[in-house]
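First residue of the sequence shown? That's 125 in our numbering, and the numbers climb one at a time after it.
Right, one structure below, let's go through it.
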Amino acid sequence: MAQQPDVISMNKICKSFPLEIGGSQQVLFDITLDIHAGEFVSIMGPSGSGKSTCMNIIGALDTATSGVYKLYGRDISTMTADELATIRNEYIGFVFQNFNLLPKRNILDNVMLPLMYRGMSIQDRIIKSREMLKLVGLKDFETYLPTQLSGGMKQRVAIARALAGTPKLILADEPTGALDSKMGNEILQFFKKLNKELGITIVMITHEFDIAKYSDRLIHIYDGRITYDGKIPKSESDLMPKQKRNTK
Ligand code: ADP
Ligand code: MG
Numbered sequence: 125m126a127q128q129p130d131v132i133s134m135n136k137i138c139k140s141f142p143l144e145i146g147g148s149q150q151v152l153f154d155i156t157l158d159i160h161a162g163e164f165v166s167i168m169g170p171s172g173s174g175k176s177t178c179m180n181i182i183g184a185l186d187t188a189t190s191g192v193y194k195l196y197g198r199d200i201s202t203m204t205a206d207e208l209a210t211i212r213n214e215y216i217g218f219v220f221q222n223f224n225l226l227p228k229r230n231i232l233d234n235v236m237l238p239l240m241y242r243g244m245s246i247q248d249r250i251i252k253s254r255e256m257l258k259l260v261g262l263k264d265f266e267t268y269l270p271t272q273l274s275g276g277m278k279q280r281v282a283i284a285r286a287l288a289g290t291p292k293l294i295l296a297d298e299p300t301g302a303l304d305s306k307m308g309n310e311i312l313q314f315f316k317k318l319n320k321e322l323g324i325t326i327v328m329i330t331h332e333f334d335i336a337k338y339s340d341r342l343i344h345i346y347d348g349r350i351t352y353d354g355k356i357p358k359s360e361s362d363l364m365p366k367q368k369r370n371t372k
């Protein structure tokens, strides 16, 4: 059997943003990493370290300035906007810190909407969305509006919406950032379950070590560079190269 390509393969990815005053600001420096099918990885770093920039590239929402990025073996830089949208739609479920739900549409509609682009009949969309709401424990809430739900419930709706597209990969950017620790813990346990039981690859972005600990592998980014990539270390201080420790 042919070997499966890595889910994510980044080779010396750099990213710069142009500055209005002229010139540019480099945000990512030579990011090289591979993520395999079935992994639960967190990308951790302080605010401004480049995590979201990295996630946007991973999710094919943005492109690198230089370097090679392959998603499921396909070089993103050679793809058209339409091809990028297709690959996103086919493989990736996104979960964001602020849920990104449509406030005036009920929960069922929120889960169903992205399925419109998949050519599914309305009946199939309803069936699939109800199944996903049941999976996240919200089957009795389909007629509720997002504003009537707690933060934890809103995030579960967003996860149901991500799962409705049967993604192989979930990209979650600070998924518990707007939740208290109890609700955050519930969401993280749910990610663990999706990873272990359904084999979905999960890449989660966080700035907190205690949250990264829920994953099996931690990639630490500091000032746009990887300073650690491996198992969850005993202490947060192990994430920085020795000469940089204790300089915060
Ligand atoms: P993090 O998610 O780790 O907090 P970001 O990736 O959002 O960090 O940002 C890293 C750096 O890149 C910051 O200095 C931020 O201001 C800059 N940046 C991010 N997106 C843009 C953009 N679209 N244009 C210009 N600068 C950006
Ligand atoms: Mg961010």
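Glycine included, every Cβ here is placed at the ideal spot set by N, Cα and C.
For clarity, every value in this text was computed on a predicted model and none was experimentally measured.
Alpha carbon of residue i to alpha carbon of residue j, nearest angstrom
{"i": "L185", "j": "N213", "result": "11 Å"}
{"i": "Q313", "j": "I324", "result": "14 Å"}
{"i": "R254", "j": "S274", "result": "19 Å"}
{"i": "G174", "j": "Y241", "result": "31 Å"}
{"i": "I216", "j": "L239", "result": "13 Å"}
{"i": "I294", "j": "L318", "result": "10 Å"}
{"i": "G191", "j": "Q272", "result": "45 Å"}
{"i": "D340", "j": "I145", "result": "42 Å"}
{"i": "Y352", "j": "I250", "result": "43 Å"}
{"i": "L257", "j": "C178", "result": "30 Å"}
{"i": "F333", "j": "T300", "result": "13 Å"}
{"i": "L354", "j": "L143", "result": "Before going further, note that residue 354 is Gly rather than Leu in the sequence given. Cα to Cα, the separation comes out at about 34 Å."}
{"i": "I283", "j": "K320", "result": "16 Å"}
Within 7 Å, strictly: CB atoms of residue i and residue j
{"i": "R285", "j": "N234", "result": "yes"}
{"i": "Y193", "j": "M236", "result": "no"}
{"i": "H331", "j": "S171", "result": "yes"}
{"i": "R349", "j": "F153", "result": "yes"}
{"i": "I182", "j": "I132", "result": "yes"}
{"i": "L303", "j": "M168", "result": "no"}
{"i": "F99", "j": "K306", "result": "No answer is possible for residue 99: it lies beyond the span of the chain, which begins at 125 and ends at 372."}
{"i": "P270", "j": "P227", "result": "yes"}
Bridge partners - residue i, DSSP secondary structure assignment
{"i": "K139", "result": "L152"}
{"i": "R242", "result": "Per DSSP, none; premise fails for R242."}
{"i": "M168", "result": "T330, H344"}
{"i": "A296", "result": "V219, M328"}
{"i": "D158", "result": "S133"}
{"i": "G354", "result": "L342"}
{"i": "R198", "result": "L195"}
{"i": "S190", "result": "C138"}
{"i": "R349", "result": "Y346"}
Test: residue i CB closer than 7 Å to a CB of chain C
{"i": "T202", "result": "You won't find chain C in this structure, because it holds only one protein chain."}
Whole-number beta carbon distance between residue j and residue i, since they are thought to touch under 8 Å
{"i": "T187", "j": "S176", "result": "Not a contact, Cβ separation roughly 15 Å."}
{"i": "I364", "j": "Y338", "result": "The amino acid at residue 364 is misidentified as Ile; the sequence shows Met. The Cβ separation is near 21 Å, so there is no contact."}
{"i": "K136", "j": "V151", "result": "That pair is no contact at about 15 Å."}
{"i": "I311", "j": "G276", "result": "7 Å"}
{"i": "L259", "j": "L287", "result": "7 Å"}
{"i": "A296", "j": "I335", "result": "About 10 Å separates the two Cβ atoms, so there is no contact after all."}
{"i": "I155", "j": "D130", "result": "Going by Cβ atoms, the distance from I155 to D130 rounds to 14 Å, so no, they are not a contact pair."}
heavy atom of the ligand COA below 6 Å from residue i C-beta
{"i": "R198", "result": "Although the ligand COA was asked about, the structure shown includes only the ligand ADP and the ligand MG as ligands."}
So which residues touch the region around the ligand ADP, with touch meaning a C-beta under 5 Å from any heavy atom? F141, V151, S171, G172, S173, G174, K175, S176, T177
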